[in-house]
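Quick note, the sequence shown lines up with residues 4 to 205 if you use our numbering. Even for Gly, the Cβ is constructed at its ideal location relative to N, Cα and C. Reading through the structure tokens given below for one structure.
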Amino acid sequence: MKIPRNAHDTKSDSCTPHAQRRMLMQLGLGILALGSLPGRALAAPVAAVMSSNEVAIDLFSAAGKLDKTVRLPKVVKADADWRKQLSETSYLVTRKAGTERPFTGKGWDNHNDGLYRCICCDTALFDSKTKFESGTGWPSFWQPISASNVVGETDRSFGVQRTAISCRLCDAHLGHVFDDGPKPTGLRYCMNAAAMRFAARA
4 MKIPRNAHDT KSDSCTPHAQ RRMLMQLGLG ILALGSLPGR ALAAPVAAVM SSNEVAIDLF
64 SAAGKLDKTV RLPKVVKADA DWRKQLSETS YLVTRKAGTE RPFTGKGWDN HNDGLYRCIC
124 CDTALFDSKT KFESGTGWPS FWQPISASNV VGETDRSFGV QRTAISCRLC DAHLGHVFDD
184 GPKPTGLRYC MNAAAMRFAA RA
């Protein structure tokens, strides 16, 4: 005698072992498909994190004219590579936030016309037109060539709060900025000569 199906089992083979396995497989595939959606959603933040490594930098010609603004990946190198690229003084200043002794940096008293570029990545930092004699023994400027090319950060070393200035593209330490400079800004960007290279204006 054939046993009748339950009232809710109206479709044929719905409760057979084969049908149950098929249903479980479909359910599993559905879960995998759903799981891929969060994965795709997470991909965007990851990409955003990677793109956040880029910074906007103003490029300047050899004549000191603004060429264009570009987004570039930050320059990151192993410590050993920086040591190979830089002199000992430049390495200690730019990569270890050191300070050269006053009146000793190459070109600290340079009066020629041109641009001062980062010794690490060649980003334009200062124009000689904003350089002034501060009497401190370090190259001093009343403003950077572009606010986009440098970044300030609070420095509390030695028990004194100051604003440290770094190259935005490669994070090279350049010096500090103070509010005792001349007009029109009233600022004094006191930079280490070892952190920059001078390029005569073309």
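Could you tell me which residues DSSP puts in a beta bridge with arginine 200? Arginine 200 pairs with Arg120.
Taking contact to mean 3 or more Cβ pairs, one atom from each stretch, closer than 8 Å, check whether the segment 137-156 and the segment 81-88 are in contact. Because the criterion of three Cβ pairs below 8 Å is not met, the segment 137-156 and the segment 81-88 do not touch.
Just mark glutamate 103 as buried or exposed, buried being the case when its beta carbon has 16 or more other beta carbons within 10 Å. The C-beta of glutamate 103 has 16 or more other C-beta atoms within 10 Å across all chains shown, which makes the residue buried.
If we ignore side chains and look at the alpha-carbon of each, how far apart do leucine 118 and leucine 69 end up? Rounded to whole angstroms, the gap between the alpha carbons of leucine 118 and leucine 69 is 12 Å.
According to the neighbour-count rule (16 or more other Cβ atoms, all chains shown, within 10 Å of its Cβ), is asparagine 56 buried or exposed? With fewer than 16 other Cβ atoms within 10 Å, it is exposed.
Buried or exposed (CB count within 10 angstroms, at least 16 for buried), aspartate 130: When all chains shown are included, aspartate 130 counts as buried.
Is threonine 72 helix, strand or coil when you go by DSSP? In the displayed model, threonine 72 falls within a strand according to three-state DSSP.
In DSSP terms, what isoleucine 148 is bridged to: Isoleucine 148 is not bridged to any residue.
CB-CB under 6 Å to lysine 109, same chain, minus the five flanking residues each way: which ones, in chain order? For lysine 109, same chain residues with a beta-carbon under 6 Å away, outside a window of 5 residues either side, are Ala196 in chain order.
Quick check: the Cα distance between phenylalanine 106 and valine 79, rounded to an integer number of angstroms? Per the coordinates, the alpha-carbon of phenylalanine 106 lies some 30 Å from the alpha-carbon of valine 79.
Go ahead and pull the three-state DSSP assignment for glycine 67. Note: glycine 67 maps to coil in three-state DSSP.
How big is the Cα-Cα spacing for threonine 126 and isoleucine 60? Each residue's Cα considered, the two are about 8 Å apart.
Under 8 Å, do alanine 202 and alanine 65 count as touching if we go by C-beta distance? In contact: alanine 202 and alanine 65 (Cβ atoms closer than 8 Å).
Take the Cβ of arginine 159 as the centre, count every other Cβ of all protein chains shown within 10 Å, and call the residue buried at 16 or more, exposed below. When all chains shown are included, arginine 159 counts as exposed.
Can you grab the Cα-Cα spacing for the pair threonine 188 / serine 143, in whole Å? The alpha-carbon separation between threonine 188 and serine 143 amounts to approximately 13 Å.
Considering only DSSP beta bridges, list what serine 131 is partnered with. Bridge partners of serine 131 according to DSSP: none are assigned.
Cβ-based neighbour list, proline 185, same chain, cut-off 7 Å, excluding 5 preceding and 5 following: If we look at proline 185 and ignore the five residues flanking it on each side, its Cβ neighbours are Phe135, Trp145.
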